[in-house]
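*Asks:* Residue numbers (my numbering): 811 to 1261. The C-beta atom is built at its ideal place from N, Cα and C for all residues, glycine as well. Note that the coordinates shown come from a computational prediction; the quantities given were computed from them, not determined experimentally.
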Ligand SMILES: [Fe+2]
Ligand SMILES: [Fe+2]
């Protein structure tokens, strides 16, 4: 068996890389979180057939460091770099986006001498986790369903809890009541399950067209949760997940159109116990649809793109908000002691990561990835802007102003439950924050927003 060293500090991607390399390339994977650890392992005499590294780790150029390290050790171990290295390095393989898993696997397969035939012949067991709530929607098991029994040094065991074709409602309800929120399916059944759930969910979201706002919001949130959970595990269930995202985008548009005003919308969102990402995205969508109609260069045509952007922009933060449900404003996350260093890094990079993910979908609206990347005012999608400049797209500015408006509003409500929205206060506060005239023009359109 070949041996591969993966150097990556990205919590979400690590799992994905390790599992896929092991399953598809049958290589034994060692994962280290820092460049230094990688050097130590190699120094200690470990031999690897392949080294894979993220281009940057902890702000340092891991690709160059490892390349030079291998050279000084007279090692010819092939090096695969995920993301463009800062300077050009000869004889390495670069895989552009961290989510192009297929490209990564293909490149590594070449290096390890694995043909597509031998890849297909490999049959390593692997289980894919599915939210119990989503399985509930199916009513009948489309394949065997497993429960994770225990983790031991010899690996994890899974017990079958539902046969293919059996009715699942009872048993799943029981698991849910016991707090078991995840069940598993065999990796070969994964797409089948995801497709079925997406189809049912899609129908559910679409059928909400003639329903009231509360039902619409519930449908939308279910869709959002599903996309978020699938994304965090495996960003390649493309078509199905995209279908849901597209249906959700339409519902967002409808909600914005149908609500009598901001207050009504907030009340609706308060009545469901929605997460922060969901709540602020829907509110921002309402604000943005107002702005788009009012700015001279805007048009209805921008709405679809903006709603798509708002649907995905913070999706990478979903696991963090799930773990810390009381947290809110994104910038505050950076200063919160409950978050690990890794989580904070994810916060810093969430715009860039979501953009990279969306770009792999063929059906995403043109330029949506750029808007997602810029949604905190940074052109590279890393960090949060303090000084908002003109170097970003006009539509990004609309997204940013919409989110800022919502944040002002939510903060006002936080400090005083009887808080009444006062445009005479919010608008000057926004103008103070966004000093450039291009932003000011957008902010001024808010004077006529329906409250
Ligand atoms: Fe964000
Ligand atoms: Fe956001």
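Residue 841 bridges to which residues according to DSSP?
*Replies:* DSSP, once it has assigned bridges, lists 816 as partnering residue 841.
*Asks:* When burial is assigned at 16 or more other CB atoms within 10 Å of the CB, is residue 933 buried or exposed?
*Replies:* For residue 933, the pLDDT reaches just 46, beneath the cut-off of 50, and the residue's location in the model is therefore unreliable, leaving the point undetermined.
*Asks:* Which residues mark the beginning and the end of the alpha helix (DSSP H) in which residue 877 is found?
*Replies:* First-last of the alpha helix (DSSP H) with residue 877: 872 to 882.
*Asks:* What residue range does the alpha helix (DSSP H) around residue 1142 cover?
*Replies:* Here the alpha helix (DSSP H) through residue 1142 covers 1140 to 1143.
*Asks:* Taking just the CA atoms, how far does residue 1001 sit from residue 977?
*Replies:* Roughly 20 angstroms between the two C-alpha positions.
*Asks:* Does DSSP put residue 939 in a helix, a strand or coil?
*Replies:* Strand.
*Asks:* Quick check on the burial criterion: 16 or more other C-beta atoms within 10 angstroms. Buried or exposed for residue 959?
*Replies:* Residue 959 should be labelled exposed.
*Asks:* Nearest by alpha-carbon distance to residue 1164: which of 1255, 1251 and 1038 is it?
*Replies:* Residue 1038 is the option with its Cα nearest to residue 1164.
*Asks:* Look up residue 934 in the DSSP assignment and say whether it is helix, strand or coil.
*Replies:* Confidence at residue 934 is low in this model, with a pLDDT of 44, below 50, so its placement is unreliable and no value can be given for it.
*Asks:* Since I believe residue 1241 is in contact with residue 1253 (beta carbons under 8 angstroms), could you give me their beta-carbon distance rounded to a whole number of angstroms?
*Replies:* Between residue 1241 and residue 1253 the Cβ distance is about 6 angstroms, and since that is below 8 angstroms, they are a contact.
*Asks:* With H, G and I counted as helix, E and B as strand and the rest as coil, what does DSSP make of residue 1052?
*Replies:* In this structure, residue 1052 counts as helix in the three-state DSSP scheme.
*Asks:* Just the C-alpha distance for residue 1030 and residue 1127, rounded to the nearest angstrom, thanks.
*Replies:* So the alpha carbons of these two residues sit roughly 18 angstroms apart.
*Asks:* At a cut-off of 7 angstroms, is residue 1165 close to ligand 1 when judged by its beta-carbon and the heavy atoms of the ligand?
*Replies:* No, the Cβ of residue 1165 stays beyond 7 angstroms of every heavy atom of ligand 1.
*Asks:* Mind the definition here: the stretch 1169 to 1176 touches the stretch 1048 to 1059 only if three or more C-beta pairs lie below 8 angstroms; say whether that holds.
*Replies:* Because the criterion of three Cβ pairs below 8 angstroms is met, the stretch 1169 to 1176 and the stretch 1048 to 1059 touch.
*Asks:* With DSSP collapsed to three states, give me the class of residue 1110.
*Replies:* Residue 1110 falls in the coil class under three-state DSSP.
*Asks:* Helix, strand or coil for residue 950 per DSSP?
*Replies:* DSSP places residue 950 in strand when its eight states are reduced to three.
*Asks:* Looking at the secondary structure, which residues open and close the alpha helix (DSSP H) in which residue 1086 lies?
*Replies:* 1086 to 1104 is the span of the alpha helix (DSSP H), which, as asked, contains residue 1086.
*Asks:* Measure the alpha-carbon distance for residue 862 versus residue 834 and round it to whole angstroms.
*Replies:* Between residue 862 and residue 834, the C-alpha separation is close to 15 angstroms.
*Asks:* Hey, how far is the Cα of residue 919 from the Cα of residue 1021?
*Replies:* The straight-line gap from Cα to Cα measures roughly 50 angstroms.
*Asks:* Is the beta carbon of residue 1050 within less than 7 angstroms of some heavy atom of ligand 2?
*Replies:* For ligand 2, not one heavy atom lies less than 7 angstroms from the Cβ of residue 1050.
*Asks:* Considering only the beta carbon of each residue, do residue 842 and residue 831 sit closer than 8 angstroms?
*Replies:* No, they are not a contact pair.
*Asks:* I'd like to know if the stretch 854 to 872 and the stretch 811 to 821 are in contact, where contact means that at least 3 CB-CB pairs between them fall below 8 angstroms.
*Replies:* Because the criterion of three Cβ pairs below 8 angstroms is met, the stretch 854 to 872 and the stretch 811 to 821 touch.
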